Each structure stands twice: as structure tokens, then as C-alpha cells.
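Novice:
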Amino acid sequence: MNTLFTEDFNGEIHKVLKKYCGRGLSLMISGGSLLQCLDDERYTGLDTSKWKIFYSDERVDQSHLNYTASLGFISKINGEVHRIDTSRPLNEAVRMYSAELVDIDICFLGIGGDGHICSLPPGCKELSSNDYVVALEGGFSVSPKRVSITPRFINEKIKELYFVVPNSKKKGVCCPDGSITRKITRGFSVILEK
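So the working numbering is basically just the index in the sequence shown, starting at one, shifted up by 1.
Written as C-alpha cells, this is what we have:
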């Protein structure tokens, strides 16, 4: 695990992504506070026409979608956006999204105050799933039913993995919960508040 401390989360993420200006990029993002770090005018100056955006997870509650929350970023790029359609029955949403997924070049994930990533609570049975995408119901106060990638997908299909925690001091969190990191067998970087 590599750790980077910063006061400029937007700048650190932009530094990673600007290398893909005019080049193909498969980018996966989560929701939450990470999306504020992606909502940056500098992306309008990049050639993002070859970018493909994927989501690590999505909520079933259509009024609290990660996709909708990401529009500040999505509106500044002109790549393909691959949503998880949770307006469908969940087993269908899982099947359709699994078929759409590709190998991911860069993945930015947030970490919740309880150490969860994507929509995978600490200790949940889905951490051991052999599927790349699962439907689950967790103890989340907003939209308990969700669709999420799994550690298997993270280990096998992601080239560069970053956990981004802009409110790390307030959350009191510096890495995913141990039940999650034990399932992640590949290297990753964590970007924390300085």
C-alpha cells in the first residue's frame, strides 16, 4: 500500500488522468466524496473522447444515484458513460453490467466512515463472491439495495487502484476495513488528507 498525503485532491486526481489526454482510458469511479474531487473545470481542456467511464457501484433508489451525483464530472468530459441500470430488476442489472464491463486502467474508490468500499460493508458475504458484480442489501441508511463490483473484479480487472479519502481526518479512516483489504490481493494507493 502506497500512501499520499495532499491538500489538493482535485489536483492529484487530475495529475493521474491528464496523462490520458487524447488516449484511450477505461476509468472506474465510485460515489460519495470522491465525486467532489472529480468535479473540476480542468477536464474541459482535455481530449477525453476516447475515455470510457464505469461505476463501481450503484444504488437502487433512483433519487440517490451515483450516476446523478457524478454529473458534475461527466458534464466536463465527452467519453462514453456506462451506467449500472438499477431501474431494472437487480439480477438483470447485474447480468447486463457484467456483460458491459472491460478491464479498467484507473479506478478511484472512496472509503466510508465504517471502512466500506463501493457498496460492500465490512464482513459482508459478497466479499467472497466469485462473481465480478453482485446485488446486495446492506445496512446503508440511503438505498440499502445496491449493485457493486467485488474484490474478485478489483483483483483481476483493475490495473491501477486508488482509494481517495478527502475527509480522512473527520472520518477517522485511512484504509478500507481489514475484512476488505484481506480480500484485495493486488497493490493499491491511498490518497489522504494532509
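We put the CB at the ideal spot given by N, CA and C, even for glycine.
Predicted model, so just to flag it, every value in this text is computed and none were measured.
#1: Quick one: what's residue 150 bridged to in DSSP?
#2: Is residue 26 closer than 8 Å to residue 107 when the C-beta atoms are compared?
#3: For residue 48, tell me which candidate among 30, 33, 70 and 81 has the shortest Cα-Cα distance.
#4: Taking the Cβ atom as the reference point for each residue, do residue 152 and residue 140 lie within a distance shorter than 8 Å?
#5: Rank 146, 162, 180 and 181 by C-alpha distance to the C-alpha of residue 90 and give the top, closest one.
#6: On the CB-based measure, 16 or more other CB atoms within 10 Å of its CB, does residue 2 come out buried or exposed?
#7: Counting pairs of Cβ atoms below 8 Å between the region 114–134 and the region 34–52, do you hit three or more?
#8: Mapping the DSSP letters down to three states, classify residue 61 as helix, strand or coil.
#9: Report the partner residues of residue 83 according to the DSSP bridge assignment.
#10: Taking the beta strand (DSSP E) that residue 91 falls in, what are its first and last residues?
#11: Under the assumption that residue 101 contacts residue 83 (Cβ atoms under 8 Å), give the Cβ distance between them as a whole number of angstroms.
#12: If you follow the beta strand (DSSP E) that residue 3 is part of, which residue opens it and which one closes it?
#13: Would you identify the three-state DSSP class for residue 17, choosing helix, strand or coil?
#14: List the residues that DSSP assigns as beta-bridge partners of residue 76.
Specialist: Checking against the coordinates, here is how it stands:
#1: Taking the first residue of the sequence shown as position 1, residue 150 is located at position 149. Residue 150 pairs with 134.
#2: For the purposes of this step, residue 107 is taken as the residue at position 106 of the sequence shown. For the purposes of this step, residue 26 is taken as the residue at position 25 of the sequence shown. Yes. Within cutoff.
#3: Locating residue 48 in the sequence shown gives position 47, where the first residue counts as 1. Ranking 30, 33, 70 and 81 by Cα distance to residue 48 puts 81 first.
#4: Numbered from its first residue, the sequence shown carries residue 152 at position 151. Numbered from its first residue, the sequence shown carries residue 140 at position 139. No; because the gap between Cβ atoms is not below 8 Å, this pair is not in contact.
#5: By 1-based counting over the sequence shown, the position of residue 90 is 89. If we check each option's Cα against that of residue 90, 146 comes out closest.
#6: Translated into positions along the sequence shown, residue 2 becomes position 1. It counts as exposed.
#7: no
#8: Within the sequence shown, the letter at position 60 stands for residue 61. Coil.
#9: Position 82 of the sequence shown, counted from the start, is the residue given in the question as residue 83. Beta-bridge pairing links residue 83 to 55.
#10: Numbered from its first residue, the sequence shown carries residue 91 at position 90. No beta strand (DSSP E) contains residue 91, which is instead part of the alpha helix (DSSP H) from 91–101.
#11: Taking the sequence shown and counting its residues from 1, the one referred to as residue 101 is at position 100. Taking the sequence shown and counting its residues from 1, the one referred to as residue 83 is at position 82. With a Cβ gap of about 5 Å, residue 101 and residue 83 count as contacting.
#12: On the sequence shown, residue 3 is found 2 positions in, with the first residue counted as 1. From DSSP, the beta strand (DSSP E) with residue 3 extends over 3–7.
#13: Taking the sequence shown and counting its residues from 1, the one referred to as residue 17 is at position 16. In the structure shown, residue 17 sits in a helix (DSSP, three-state: H, G or I).
#14: The count along the sequence shown starts at 1 and reaches residue 76 at position 75. Note: residue 76 sits in no beta bridge, so no partner.
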